[in-house]
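The block underneath contains the structure these notes are about, expressed in structure tokens.
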Amino acid sequence: MLQLNYLREQTAEAKSRLNKRNPNFASVVDEVLALDEKARAAKKEMETNQAEANVIAKQIGELMKNGKREEAEALKQQTSQLKADAKLLEDKSKQLDEELFAKLVTLPNTPNEIVPEGKTPEENVTVYQYGDLPALDKAALPHWDLITNYNLIDFELGTKITGAGFPVYRGKGARMQRGLVNFFLDEAMKAGYEEIVPPFLVNAESGFGTGQLPDKEGQMYHAQVDDLYLIPTAEVPITNIYRDVILKEEELPIKNVGYSPCFRREAGSWGAHVRGLNRLHQFEKVEIVQIATPEQSYQLLDEMVKHVQSLLEKLELPYRILRLCGGDMGFTSALTYDFETYSAAQQRWLEVSSTSNFESFQANRLKCRYKNKEGKNHLVHTLNGSALALPRILATILENNQTPNGIKVPKALIPYVGFDMIS
RNA sequence: GGAGAGUUGGCAGAGUGGUCGAUUGCGGCAGUCUUGAAAACUGUUGUCUGUCAUAGGACCGGGGGUUCGAAUCCCUCACUCUCCGCCA
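In terms of my numbering, the first sequence has 154 at position 167, counting the first letter as 1, and numbering is strictly consecutive.
So this is what it looks like as structure tokens:
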């Protein structure tokens, strides 16, 4: 949620930044500001009324104390009009507040200056590319064939137990999965992140805090009896640790890492290129989260990008980094870098990480602030990134490392899985 | 699941209708004393909103109600604790 102060004081800048997403937002900003003015006026009226009533109530208290019953009764008569007004003024103010809020939450975050213009993924900018694209021979198989041949993952079994998109990993497939999770967690720990095991279901407040609700309601599984949501990413529970919290400036930046399964309904997004591990309803991911001051946040974003790079390089995977354009960026993000690995048999780039700075957009919803050295509270900046999402990493490893004799395990992973070859 | 007791400021813990935004203790901060520190003493110490600045408004788990006036009374929801039951 954008800060009203910012919209009021830097209207032109806010509009021009939002423009990168969609020019229609400029008029929404105007509507928000108009509502804001109305709501503030209504509130003032209500408070003036309240102040008068408070004065009289105090006087009555004084009179009662001194035994001046009759004078007190006389004063009570005076309050009837104030009381009637109070009800109306309060309702009006509340209603305007609600309208304002409903409008405000429809505005996405303002893109950073360096975010490229553009509407579609084609307009994302590749800022870095690493590694040679492996040249596989013609007999090379896509991962969905490899996992069957080597009995690593059983999709049909998952379909039987649950439904499409819930694979069953087994044997060396399961071992790869666990090894990757441990590898990613260890690497994050070495980089100074505190490990968190969060709840995998969250309440609606948490869903709102990080921006999944009300915007992406349909994306999450909802356990309706208990009104809880299965997390689409560990970002949600971990970032919500800091909801309604005032931190000390010295505590920042806070670095957390957490593993979790991620549940995504992906309604309506099934199609030709979601075969195999490319898109699932349940997948595993290790997520890094940082809570920072505005001064720190962009430097930390770079640090996170470097961390993700080091993971991919240790796994010997060719990758590229994209700076997302305004139209492709998530609702809550101010700047996002996507990481894609090259899946050689599919001859496709697969997104394996999305690393973003949300500036104060989530913090405003979370009410997560820090007290600076002067004792003033400011909203923190929040950041997060996948480090990394497992299924596509596994797909890439399987495809790129296949040989006639089996699949070679990347060196860094061997200690984590206990074998160097899947055959 | 059954029965009971609670939820107050960073923490502990008073407060049952009117100068309570809230006694007190601890902690924190500042000062006195000291070469320095501790102790002791003194002062200070929540958040949001609002104003150029004052003033004003709101917040005692959440929501609603009664009242001129609610931390205090009523309703409702959530959570915590204790005992019993069940259970990985």
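Even for Gly, the Cβ is constructed at its ideal location relative to N, Cα and C.
The beta strand (DSSP E) enclosing residue i, as first and last residue numbers
i      : result
His368 : His368 to Ala376
Ala279 : Gln269 to Ala279
Phe326 : Leu322 to Ser330
Glu86  : Careful: Glu86 lies outside any beta strand (DSSP E), inside the alpha helix (DSSP H) at Arg56 to Leu91.
Phe250 : Ile241 to Phe250
Arg8   : Per DSSP, Arg8 belongs to no beta strand (DSSP E) and is neither H nor E.
Ile233 : Ile233 to Lys235
Tyr357 : Arg356 to Lys358
Gly362 : First-last for Gly362: undefined, no H or E at that position.
First and last residue of the uninterrupted alpha helix (DSSP H) at residue i
i       : result
Val15   : Phe12 to Lys52
Val168  : Lys159 to Lys177
Ser343  : No alpha helix (DSSP H) contains Ser343, which is instead part of the beta strand (DSSP E) from Arg335 to Asn344.
Arg352  : Phe348 to Leu353
Leu(-6) : Leu(-9) to Glu(-4)
Ile401  : Ile401 to Val404
Gly196  : Ala191 to Gly196
Glu290  : Ser284 to Lys301
Beta-carbon spacing of residue i, residue j below 9 angstroms
i      : j       : result
Tyr137 : Lys106  : no
Asp141 : Arg157  : yes
Val155 : Leu172  : no
Asn243 : Glu181  : yes
Glu174 : Ala221  : no
Lys7   : Val102  : yes
Ala332 : Asn387  : yes
Thr319 : Asn96   : yes
Ala399 : Glu271  : no
Val19  : Leu(-9) : yes
Arg266 : Ser330  : no
Ala38  : Ile47   : no
Thr342 : Met291  : yes
Leu375 : Leu264  : no
Phe187 : Pro224  : yes
Glu0   : Asp315  : no
Ile134 : Leu385  : yes
Backbone CA spacing between residue i and residue j [nearest angstrom]
i      : j      : result
Ala73  : Arg230 : 33 angstroms
Arg356 : Lys79  : 30 angstroms
Gly194 : Arg56  : 54 angstroms
Lys70  : Ala26  : 20 angstroms
Asp23  : Met33  : 15 angstroms
Thr149 : Arg310 : 36 angstroms
Glu338 : Asp325 : 7 angstroms
Pro185 : Asn41  : 46 angstroms
Glu192 : Leu353 : 9 angstroms
Glu238 : Thr35  : 41 angstroms
Gly205 : Ala382 : 27 angstroms
Gly54  : Ala44  : 15 angstroms
Thr146 : Lys2   : 47 angstroms
Identity of the residue in the options nearest residue i by Cα
i      : options                             : result
Ser340 : Ala350, Thr328 and Val19            : Thr328
Cys249 : Ala175, Trp336, Ile228 and Ile218   : Ile218
Gln334 : Ala151, Glu39 and Ala122            : Ala122
Leu87  : Phe153, Lys30 and Glu253            : Lys30
Leu370 : Ile380, Ala89 and Phe345            : Phe345
Lys301 : Arg251, Phe348 and Pro397           : Pro397
Leu215 : Lys272, Val189, Asp202 and Asp289   : Val189
Ile278 : His368, Gly205 and Ser373           : His368
Val168 : Thr146, Val112, Lys147 and Tyr246   : Tyr246
Arg307 : Gln296, Ile409, Pro240 and Leu(-11) : Gln296
Arg252 : Pro240, Pro402, Gln199 and Ala89    : Gln199
Met207 : Ser3, His268, Lys177 and Ile384     : His268
Ala178 : His294, Gly196 and Val261           : His294
Ala321 : Ser284, Pro305 and Trp336           : Ser284
Lys125 : Leu(-11), Gln65, Thr197 and Thr390  : Thr390
Status (buried if at least 16 other CB within 10 Å, exposed otherwise) for residue i
i      : result
Leu120 : exposed
Ala161 : exposed
Gln82  : exposed
Pro98  : buried
Asp407 : exposed
Gly152 : buried
Ile233 : exposed
Val112 : exposed
Ser67  : exposed
Pro129 : buried
Gly405 : exposed
Val276 : buried
Arg4   : buried
Met176 : exposed
Gly166 : buried
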